[in-house]
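Going letter by letter, the sequence shown gives residues -22 to -1, 1 to 234 in mature numbering (1 follows the signal peptide of the UniProt record, and there is no 0).
Every residue gets a Cβ at the ideal spot worked out from N, C-alpha and C, and that includes glycine.
Please read these numbers as outputs of a predicted model, since none were measured by experiment.
As structure tokens, the structure follows; a few thoughts come after it.
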Amino acid sequence: MATTAWRLYFIALFFAARFASAADSNPAHVDAVSAKPIPWPGGIIPYDISKLSEAQQVTAKAAMNRWMDTGARITFIPHTTETEYVNFTGQTNSGNNTSLVGFQKGARADINITSFWWRQGDWMPAHELGHVLGFFHEHARWDRDSHVTIHYENIKEGRQSDYDWIPKTNWIVSTTAYDYRSIMHYRTCWTSKCESECKDGDGSSPCVVIAPLGKEYDKVIGQWGDNGISATDAEKARLAYGTKPSADSKLTKQDK
């Protein structure tokens, strides 16, 4: 009887270890140099939009409002003398949209957004501000292989590392479910090496980069016309920065 009990005990340990490790994605594509982001102290984020056109300034402020409307203790204020602040560079020819992730002591957080994306409204500025607040791409979650397939063979040269997953311990919020509607999620065909042949919103398309495991999410991920700050994005912001007293989130049903 004792032998049987020990045998069952070790079998249980084996399967526990197996399923624990299965929660992580393919170790061949882990971002081994990532670090856990730091939230902005007090949720106060100074910004400088002086290098943007008048129309771009309106768009940037709308993106900031999206995050402030989540009910999180986040406040964007005009930059004065702060060393750490968000700087919209106004450079539209960098070839890519970039920003820092989280608060970095002594560093200015430059945000570069291309001309194309300024013409699409406030989705990309809100996305880049999500990085500034400390949020990685949703498809870089530690458990992403349980929700999407990343086709590295279809990614254009030099962009493969953008899709490496980040260990759970390096996320400032790791308690929420995978969110296909997150503003931090890429589309199916972005950065494809043969993007002209890839049909966005179709996870089975040639040259596809991200294929959701559920076909119903093909036309959901990365859709800037439909997805704003999702309900889960807002939840993560509140978990990272705390909740405003009597906060009245302005998320719409569409965002949720």
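Check: residue i C-beta below 7 Å from any heavy atom of the ligand PLP
i, result
"A209", "As far as ligands go, the structure on display features none, and thus does not contain the ligand PLP."
Inter-residue Cα distance where the pair is residue i and residue j
i, j, result
"W45", "P56", "16 Å"
"D26", "I89", "10 Å"
"A218", "N71", "33 Å"
"G112", "D9", "16 Å"
"P190", "K214", "22 Å"
"S183", "D100", "28 Å"
"C185", "T210", "29 Å"
"A33", "W95", "13 Å"
"T61", "D157", "34 Å"
"T221", "M162", "21 Å"
"I91", "G68", "7 Å"
"V79", "N4", "23 Å"
"P223", "A155", "25 Å"
Residue i: first and last residue of the uninterrupted beta strand (DSSP E) it sits in
i, result
"P190", "I188 to P190"
"D88", "A87 to I89"
"P24", "I22 to D26"
Selection from the options that minimises the alpha carbon distance to residue i
i, options, result
"I207", "L78, P103 and G84", "P103"
"H105", "Y158, S77 and D2", "S77"
"A212", "W95, R51, W143 and E62", "R51"
"D2", "A209, H125, Q201 and L30", "H125"
"R97", "T153, K134 and Q35", "Q35"
"F66", "S152, I23 and F114", "I23"
"S93", "F54, P17, C172 and L30", "L30"
"K14", "A41, S152 and N132", "S152"
"T127", "N148, T166 and F54", "T166"
"M42", "A118, E131 and L107", "L107"
"K171", "R137, P5 and A155", "R137"
"A118", "T147, P19 and E173", "T147"
"E175", "I133, W202 and T58", "I133"
"P19", "Q201, Y63 and D47", "Y63"
"H7", "D121, R216 and A40", "D121"
"F54", "E173, G21 and S28", "G21"
"D142", "T154, Y164 and A155", "Y164"
Whether residue i touches residue j by CB criterion (8 Å)
i, j, result
"D123", "T169", "no"
"D180", "D196", "yes"
"H129", "V198", "no"
"A85", "V110", "no"
"F81", "P17", "yes"
Endpoints, the alpha helix (DSSP H) within which residue i is located
i, result
"F94", "S93 to W96"
"V36", "E32 to M46"
"T127", "Here T127 belongs to no alpha helix (DSSP H); instead the beta strand (DSSP E) covers V126 to I128."
Presumed contact (8 Å Cβ cut-off) between residue i and residue j, rounded CB distance
i, j, result
"S12", "I150", "Contact flag wrong, Cβ pair sits at about 12 Å."
"S160", "E116", "4 Å"
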